[in-house]
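Undergrad: Below is one structure. I have some questions about it.
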Amino acid sequence: MSSYATCPAAYPTACTPASLFTALVISAFGFNQRSQKAITSLAPAPDVEYDFIVVGAGSAGCVVASRLSENPKWKVLLLEAGPEEPPLTVIPAFNRLFLHTEVDWAFQTQPSGLDRGQHVPRGRSMGGSSAINGMLYSRGNPADYDSWERMGNYGWGYKDVLPFFKKSETNHDLTSAADTKLHGRSGPLDVSHFPFRDENVPILVDAFKQTGLPFNKDHTGRVQEGTTVLQFTQRDGRRRSANRAFIMPWLKLRPNLTVQPLSPARRVIINPRTKRAVGVEFDGPHGRRVARANKEVIVSAGALQSPQILMLSGVGEREQLRAAGIATVHDLPTVGKHLKDHLTTEHTVNFTVTRTATARLDTLPQRLADYSQYLDGNHGPLSATGVRQVAAFFRTEHQDPADTRPYIHVEVIGQLTDPNGGSRCPNCTYPKEDSIWYNQLRFSPVHLHLRYAGQVRLNTTAPLAKPLVYLNISLEKEEMLSWVEGFRRVAELNGTAAFREAGIILDAPPIAGCPAHVEPASDEYWECAGRLGAKTWGHLTGTCRMGVRPEDSVVDPELRVHGIRGLRVVDASVMPDLPSGNTNGPTIMIGEKGADLIKRAHCCRNSEGGAHSEDADKEAPTDKEAPAEPTAAAL
1 MSSYATCPAA
11 YPTACTPASL
21 FTALVISAFG
31 FNQRSQKAIT
41 SLAPAPDVEY
51 DFIVVGAGSA
61 GCVVASRLSE
71 NPKWKVLLLE
81 AGPEEPPLTV
91 IPAFNRLFLH
101 TEVDWAFQTQ
111 PSGLDRGQHV
121 PRGRSMGGSS
131 AINGMLYSRG
141 NPADYDSWER
151 MGNYGWGYKD
161 VLPFFKKSET
171 NHDLTSAADT
181 KLHGRSGPLD
191 VSHFPFRDEN
201 VPILVDAFKQ
211 TGLPFNKDHT
221 GRVQEGTTVL
231 QFTQRDGRRR
241 SANRAFIMPW
251 LKLRPNLTVQ
261 PLSPARRVII
271 NPRTKRAVGV
281 EFDGPHGRRV
291 ARANKEVIVS
301 AGALQSPQIL
311 MLSGVGEREQ
321 LRAAGIATVH
331 DLPTVGKHLK
341 DHLTTEHTVN
351 FTVTRTATAR
361 LDTLPQRLAD
371 YSQYLDGNHG
381 PLSATGVRQV
391 AAFFRTEHQD
401 PADTRPYIHV
411 EVIGQLTDPN
421 GGSRCPNCTY
431 PKEDSIWYNQ
441 LRFSPVHLHL
451 RYAGQVRLNT
461 TAPLAKPLVY
471 LNISLEKEEM
481 LSWVEGFRRV
491 AELNGTAAFR
501 EAGIILDAPP
511 IAGCPAHVEP
521 ASDEYWECAG
531 RLGAKTWGHL
541 TGTCRMGVRP
551 EDSVVDPELR
561 VHGIRGLRVV
571 DASVMPDLPS
581 GNTNGPTIMI
591 GEKGADLIKR
601 AHCCRNSEGG
611 AHSEDADKEA
621 PTDKEAPAEP
631 TAAAL
């Protein structure tokens, strides 16, 4: 049986027959080490020379490799440290299953500021974090990108990036897809609402509306504020990771595209005299290899590992490189700095669900029915993520009045608790599908725009090991007031008719570590909840930030590393500031725009000014034409 299907002895009654049945299903699907080896062993050994080498097959790297390989004359190598994407990632309800597994880098932050040290999930397989995230599709706010442009990043205003959002997208929502000025209808990435909504979704929407928030049909459009039913990177109840959207359909159709999983990069090879990137050294299934790049190397390893790879290659702060025993090729002190993330908390605003709790359905017969419904056609609760479909975005009284962007994003998660309070099985290693079978709602008021910044540093005693991550979480007075307002406005749901009629009740018990005199659900209570539970939301950006001056950036607006020829960074690390929402959609956009910039540098331009290659206008194969995904039986 898989290692994901065990129940700890410390919780002898926690693994119910229903949970054990889930474990059996997972074991039958073959999500284990052996099945992963069976998939990745199919990967061919790479050639020695390529035109382009892309390091990292995550949300951006998959896009870059796919778009560059549209030109049949260009040989492209895509390197990925992790294995193939596990088959079970397609099931939306299992989106939390993969944390702390071999497909999660499972970084641990160093204590700094309000951060006491925490797990930071990062995808470690084909598709990267897009293979294990919550699939929420967000673009942020148009003002986010206009602010990037005002920083000097020409070509990155909203009017400039919108075409690349559209290029990647096929939106299946009738309302959104009808607005062709904002949404794409022929891109590789499927975006739509989940096919299943449990009974609490409309209740949550009504409750938010009753607090004064308007309903927003499309939060990725011109207006972001309001309560909304979110769209996700999925099609018909199946996840569409960047790997499944941009790479898998082409694997057998493009001989010029080589994809190499289980091949972590050690460094980019840079000629110290010419300061030009000429190749990549990596550890592949066939041993240590060096691949040469005749045109460019593109680093797309994410906000934690792209700066690490640059530093391992001799590009970074001279003193830090010297301490790690690495010869400096180019002194670029900004590498690894300006780490930014959205802020949430462990101490969420919790509501007990009584009459409409889906936990009453958490029985073996019901799970059998739910699994059967999903296997029969991707329907039912497993084809969605429960109440995570509902969100709210709003401005606060304490933010800059001139800033039109929302500062608070409210995320809702279902959780299954035991009758005595707390998680039913906090240390269980069996899958926690709490998002669809729950008796508690956890509301996270996420602060979207904070001034603090952390950094990523090499582990000088083991430079190739995981880098050291310092979030340095801190809040200025106005920022804390905005965050507390977010908590308070969520707590106001307790007085709505929608919650009263559904029997959904605020639960605000004393918080360990907060002063005894603090009144539950008061502003002081929520401030303490935020300070004691402050944590990352997993939207890490900025460590190779884009800018005009090498003094405060790593790449220029063309995403070229300052001072190095033939080397670009294309991923979330280049964001000069955080967008107002989840980062997967913007990262895919960066992959699209980055690929276009590279094409422009090495190719011709079409009549509309965009880079063009011989088969760039060909449509991707349909599901019937695309190579079949491996099944459990095939493994």
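1 is the number of the first residue of the sequence shown in the UniProt record's numbering; add one for each residue after it. For every residue, glycine included, the Cβ atom is placed at its ideal position computed from N, Cα and C.
#1: Cα separation between A277 and P255?
#2: Residues in the same chain with beta-carbon distance under 7 Å from A207, minus the five sequence neighbours each way, listed in chain order, please.
#3: Please identify the residue among Y50, P92, D552 and V554 whose C-alpha is closest to the C-alpha of E296.
#4: E85: which of M248, D198, P202 and L78 sits nearest, CA to CA?
#5: Is G414 near V387, with beta carbons less than 7 Å apart?
#6: Shortest alpha-carbon distance to G82 belongs to which of R122, S444, S112 and A93?
#7: Please report the distance separating the alpha-carbon of G155 from that of Y525.
#8: Mind checking V161: buried by the 16 CB within 10 Å criterion, or exposed?
#9: Classify R568 as helix, strand or coil using the three-state DSSP reduction.
#10: Quick check for students: name the residue ranges of the alpha helix (DSSP H) that lie wholly in the region 50 to 132, counting only runs of 4 or more.
#11: Comparing alpha-carbon positions, which option in I91, L78 and G542 lies nearest T233?
#12: By the three-class DSSP mapping on this structure, what secondary structure does N200 have?
#13: Is N216 helix, strand or coil when you go by DSSP?
#14: Would P445 pass as a contact of G503 if the rule is Cβ separation under 7 Å?
#15: Taking its Cβ as the centre, do 16 or more other Cβ atoms sit within 10 Å of I132, making it buried, or is it exposed?
#16: Measure the Cβ-Cβ separation of D146 and G157 and say whether it is below 7 Å.
#17: Can you give me the C-alpha to C-alpha distance between L448 and Q110, rounded to a whole angstrom?
#18: What are the start and end residues of the alpha helix (DSSP H) that includes H602?
#19: Could you give the C-beta distance for T352 and D507, rounded to a whole number, given that I count them as a contact under 8 Å?
#20: Count the other C-beta atoms from every protein chain shown that fall within 10 angstroms of the C-beta of residue 637, then say buried if there are 16 or more, exposed otherwise.
#21: Provide the residue span of the beta strand (DSSP E) that contains T274, from first to last.
#22: Identify the continuous beta strand (DSSP E) that holds Q399 and give its terminal residues.
#23: Could you tell me which residues DSSP puts in a beta bridge with E411?
#24: Identify every run of the alpha helix (DSSP H) within the region 460 to 490, keeping only runs that are complete inside it and at least 4 residues long; order them along the chain.
#25: Between W483 and the rest of its own chain, which residues show a CB-CB distance below 6 Å, the 5 nearest in sequence each way excluded?
#26: To the nearest angstrom, report how far apart L251 and T358 are at their CA atoms.
#27: Is there contact here, the region 95 to 105 with the region 372 to 381, by at least three beta-carbon pairs under 8 Å?
#28: Following the continuous alpha helix (DSSP H) through V518, name the residue where it begins and the one where it ends.
#29: Just how far apart, CA to CA, sit P630 and L339?
#30: Which residue wins for smallest C-alpha separation from D283, given the options R488, H398 and A265?
#31: Return the chain-ordered ranges of every beta strand (DSSP E) run that is complete within the region 312 to 362 and spans a minimum of 3 residues.
#32: Go to V161, then tell me how far its alpha helix (DSSP H) extends in each direction, as first and last residue.
#33: How would you call E319, buried or exposed, if buried means at least 16 neighbouring beta carbons within 10 angstroms?
#34: How many angstroms separate the CA atom of G279 from the CA atom of S313?
#35: As a quick exercise: from A453, K593 and P550, pick the residue whose alpha carbon is nearest that of L540.
#36: Please list the terminal residues of the continuous alpha helix (DSSP H) segment that includes E149.
TA: Straight from the coordinates:
#1: 24 Å
#2: L493, T496, A498 and F499
#3: Y50
#4: M248
#5: yes
#6: R122
#7: 44 Å
#8: buried
#9: strand
#10: 59 to 68
#11: I91
#12: helix
#13: Of the three classes helix, strand and coil, the one that applies to N216 here is coil, per DSSP.
#14: If you check the CB distance, P445 and G503 do not come in under 7 Å.
#15: buried
#16: yes
#17: Cα-Cα distance, rounded: 22 Å.
#18: N584 to H602
#19: The distance from the Cβ of T352 to that of D507 is about 5 Å, consistent with a contact at the 8 Å cut-off.
#20: With the chain represented from 1 up to 635, any question about residue 637 goes unanswered, as that position is not in the structure.
#21: Where T274 is concerned, there is no enclosing beta strand (DSSP E), given that its DSSP letter is neither H nor E.
#22: Following the DSSP letters along the chain, one finds Q399 in no beta strand (DSSP E), marked with neither H nor E.
#23: A391 and S444
#24: As far as the region 460 to 490 is concerned, it has no whole alpha helix (DSSP H) run of at least 4 residues.
#25: H447 and G530
#26: 41 Å
#27: no
#28: Neither: V518 is in no alpha helix (DSSP H) and is coded neither H nor E.
#29: Residue placement at P630 is flagged as unreliable, the pLDDT there being 31, under the threshold of 50; a coordinate-derived value is accordingly withheld.
#30: A265
#31: 343 to 345 and 349 to 353
#32: Y158 to S168
#33: exposed
#34: 11 Å
#35: A453
#36: P142 to R150
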